[in-house]
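Colleague:
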Amino acid sequence: DGLITNNGVFTGCDSLKHLHLVEGAVHETISALSLDEWRKDMNEEIDSINQILPNAYAGFYDAFAGDDHDDGVKAHEIRRWIRSVLRKIIHYQAEHQRFVNEAGSTLHHAL
285 DGLITNNGVF
295 TGCDSLKHLH
305 LVEGAVHETI
315 SALSLDEWRK
325 DMNEEIDSIN
335 QILPNAYAGF
345 YDAFAGDDHD
355 DGVKAHEIRR
365 WIRSVLRKII
375 HYQAEHQRFV
385 NEAGSTLHHA
395 L
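The working numbering applies: residue 285 is where the sequence shown begins, and numbers increase by one.
And the structure:
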């Protein structure tokens with residue numbers, strides 16, 4: 285994904301508890317999915333990060349203690365979430381294409 289390459293990017297961000305996926309291609313893709321079950325699953329996956337972040341350890345950075353720090357896990361959790369959302373989108377797009385191909389084949393044979 286390459287979006288978050290630094291484990292410490294959210295170090296000390298205790299207040300980072302919620303992410304909102306900006307409207308755009310992901311939402312358009314989800315709304316175009318064939319089955320309500322798929323759309324529901326994708327929306328639940330997108331919201332899952334908001335169940336994880338409030339409890340994810342933010343780590344700390346202390347410049348006064350010799351640059352002592354602990355990166356925490358927020359960046360890791362967000363990367364894991366992005367990968368999971370992308371995997372599901374790819375899976376459902378492939379399933380959608382398979383349904384379209386089957387329907388086209390059925391229609392072709394019916395004619």
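For glycine and all other residues, C-beta sits at the position ideal for the given N, C-alpha and C.
1) Does the pairing of the region 375-383 with the region 359-366 give three or more beta-carbon distances under 8 Å?
2) Is it true that the CB of Tyr345 sits closer than 8 Å to the CB of Gly308?
3) For Asn327, tell me which candidate among Gly356, Phe294, Lys372 has the shortest Cα-Cα distance.
4) Would you check if the distance between the CB atom of Ile330 and the CB atom of Val369 is smaller than 8 Å?
5) His393 lies in the alpha helix (DSSP H); which residues open and close that run?
6) Express the C-alpha separation of Thr313 and His375 in angstroms, rounding to a whole number.
7) What residues match up with Tyr345 in a beta bridge as DSSP calls it?
8) Have a look at Asp355 and Lys301 and give me their C-alpha separation to the nearest angstrom.
9) Short of 6 Å in beta carbon distance, which residues of its chain neighbour Asp298, apart from the five on each side in sequence? Order them along the chain.
10) Do you know offhand how far Leu303's Cα is from Ile333's?
Modeller: With the structure as the only source:
1) no
2) no
3) Lys372
4) yes
5) 358-394
6) 12 Å
7) His353
8) 16 Å
9) Ala342
10) 7 Å
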